[in-house]
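Novice: I have a structure I would like to understand better, so I am pasting it below and will then ask my questions one at a time.
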Amino acid sequence: MEEQGTSTTLKPLWNFDLTDGRDELNLAEFPLAAIANRVADGQKTLTFEDEIWDDGAKQRVSRKLTISGSDQYGLPTARDNDVLLALIHLTRCRNAFQSPTVFFTRYELVKFLQWDGGGKSYRRLEQSLNVLASVTLFYNRAWWDRANKNWRNRTFHILESVDLRGREAVGAREQPLSSFIWNGIVFSSFASNYIKKLNLEVYFHLQGAAARQAYRFLDKRFYHKRRLEFDLRTFGCEHLGMSRAYDTGELKRKLERTFAELVAIGFLKPMARALRFRKNGPSDWRVVIERAGSVAPEKKKVEARSEPAKQLIERGVSPAVANGLSQQFPSAEIERQILAFDERKMRAGGKMSNPAGYLVKAIREGFSQPSARKAPSRPPLRTAPPVEEPAHFDPEHDVQKRYWATLSEDEQSTLEKEAFQHAEPMAIEGWRRSTDAGMPIAAEGYRQAILHRHLERILAGRAELQKAS
């Protein structure tokens, strides 16, 4: 690639495999942003801290990260975290972490982030790059130096500089390229291979900012153990960025919503509330988290679950997104959009920029004519979860699966209605809110939790009756 690059042609970033992304391990440990798309007016500082055992030093280490925003650009938000991961992925794809200077076009980054192509997206990207170049990170014994194998104090900006050029047109030949330069401390960590794989397809599929941060943090921690236990407040407030003003009940409710998303995608094992949250003493709550399955999501082959999903995959849509769309939208609607897409592609002679992205957007936004759109339909509640999908229940609870398999479809439907009638108001409210917001993954997670809890009650009652007799 030509360093000055006024005529360099770049391979489009959205053609790279999103399941093979990367994350820097220090940046995944603490949140770098508030878990929202805006920060409270006047707030310029965020702090996160914890205490861990250092095997090398044989002692406990108190770690603290302070994030200071500039007067002009402020603190990072959840959206800026997404841009940061896009830049890490871009660096690997462009130069395999061989140079801190990375060339790009704003068009490809906007497409990679799955934002629309309007001017608002380009302004949003420019804002994020300015934030990442201006925010200051103060790591107090919280930055792991892999070369020296110890915790260091480090103060730096994430990006050393950004050179943004004009908005590039598709296929432009002579347009000068934009570029950014990583800060030396961050890039040294890349160069020392203190990075890990991160399935960006899964990451961007998650709806909530807390779920995305939890996915990054837990995916790192699961490297050593499949079952993790944390202090409730340390996990929620210091590693996910939830408000310290939440009382214990509110914090648990927020975490349950986050876990519901991660359970629904098969990343975490479902757990009953009593097993997920454990009280050890006054004001001493623990949260227990266990990974689902025996392989990491990025290594698991995702198959099409329906004929519409198969058709979408054949047209370039990723399996995870295709399966999600086939669950959220009626088959007839997907088939209608596929027909319209095929005709459009044929008229264009097969030349379309990001055709898979266009097809996904057409389904989600209900394209009828090029300028006419309608709101997506609300995902229906399935009346009976298939027995062949054991992820709907805790895999360790074989008795639940065996009991469910003995029921007819009508009995399963009746039991599900009873489960919703006896469910906790918080779980019902979470399901309704997720359904109304068009978030089928989160809604399905609540539904599974409601069913799991009801089956737990039924089988516990049967066990008591057997003991009594």
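Adding 151 to a residue's 1-based position in the sequence shown gives its number in the working numbering.
Glycine is no exception: its CB is placed at the ideal position from the N, C-alpha and C atoms.
#1: Quick check: what's the CA-CA separation for G220 versus K512?
#2: Within a Cβ cutoff of 6 Å, which residues of the same chain sit near T198, ignoring the five residues on either side of it in sequence?
#3: Rounded to whole angstroms, what is the Cα-Cα separation between F341 and A284?
#4: Nearest-angstrom Cα distance between T586 and A229?
#5: Throw me the rounded Cβ distance for the R442 and D174 pair, which I believe falls under 8 Å.
#6: Can you tell me where the alpha helix (DSSP H) holding Q278 begins and where it ends?
#7: Buried or exposed: which applies to W436, given that a residue is buried once 16 or more other Cβ atoms fall within 10 Å of its Cβ?
#8: Thinking C-beta only, is K403 closer than 8 Å to F373?
#9: Which partner residues does T306 have in the DSSP bridge list?
#10: Per DSSP, what kind of secondary structure is V550 in: helix, strand or coil?
#11: Count the other CB atoms, across all protein chains shown, that sit within 10 Å of the CB of S477; report buried if there are 16 or more and exposed otherwise.
#12: Grab me the residues of A473's own chain with a C-beta within less than 7 Å of its C-beta, minus the 5 sequence neighbours each way, in chain order.
#13: What did DSSP end up calling T300 once you bin it into helix, strand or coil?
#14: Starting from the Cα of C244, find the closest Cα among W302, L169, N304 and give me that residue.
#15: Ordered along the chain, which non-local residues of its own chain (more than five positions away) have a Cβ less than 6 Å from that of I346?
#16: Between which two residues does the beta strand (DSSP E) harbouring R214 extend?
#17: Between F355 and Q265, what straight-line distance do the alpha-carbon atoms span, to the nearest angstrom?
#18: Quick check on L602: does DSSP put it in helix, strand or coil?
#19: Who are the near neighbours of T306 in its chain, counting only those whose CB is closer than 6 Å to its CB and skipping five residues on each side?
#20: Apart from the five residues just before and just after G467, which ones in its own chain have a Cβ nearer than 7 Å to its Cβ?
#21: Closest by CA to I186, which one among G387, N431, Y258?
#22: If you scan the stretch 320-394 from start to end, which runs of the alpha helix (DSSP H) of 4 or more residues do you find wholly inside it?
#23: Quick one: what does DSSP say S482 is sitting in, helix, strand or coil?
#24: K430: which of K405, R384, F418 sits nearest, CA to CA?
#25: Would you tell me roughly how many angstroms separate the C-alpha atoms of I440 and L558, rounded to the nearest one?
#26: Can you tell me whether F571 is helix, strand or coil according to DSSP?
Specialist: For this structure:
#1: Each residue's Cα considered, the two are about 34 Å apart.
#2: Result list for T198: T217, in chain order.
#3: Spanning the two alpha carbons is a distance of roughly 18 Å.
#4: A direct Cα-to-Cα measurement between T586 and A229 gives close to 23 Å.
#5: Contact check for R442 and D174: beta-carbon distance about 17 Å, past the 8 Å limit, so the pair fails to qualify.
#6: In the DSSP assignment, Q278 falls within the alpha helix (DSSP H) that extends over 270-285.
#7: It is buried - the Cβ of W436 has at least 16 other Cβ atoms within 10 Å.
#8: Cβ atoms of F373 and K403: not closer than 8 Å.
#9: Residue pairing by DSSP places T306 opposite F289 in a beta bridge.
#10: The answer is helix: DSSP assigns V550 an H, G or I state.
#11: Answer is buried; the Cβ neighbour count reaches 16.
#12: If the five residues before and after A473 are omitted, its C-beta is found closer than 7 Å to the C-beta atoms of A455, A460, L463, I464, all from its own chain and listed in chain order.
#13: Residue 300 is actually Lys in this sequence, not Thr. Coil, per DSSP.
#14: The candidate whose alpha carbon is nearest that of C244 is L169.
#15: Cβ within range, chain order: R173, E175.
#16: Start and end: 210-219.
#17: So the two alpha carbons sit approximately 9 Å from each other.
#18: In the three-state reduction of the DSSP assignment, L602 falls in the helix class, which pools H, G and I.
#19: Answer for T306: F289, listed in chain order.
#20: Cβ contact annotation for G467 (same chain, cutoff 7 Å, sequence separation greater than five): P506, A507, in chain order.
#21: The shortest C-alpha separation from I186 is found at G387.
#22: You should have 335-342, 351-356, 360-372.
#23: Correct three-state label for S482: helix.
#24: Among K405, R384, F418, the Cα nearest to that of K430 belongs to R384.
#25: So the two alpha carbons sit approximately 30 Å from each other.
#26: Three-state DSSP puts F571 in a helix.
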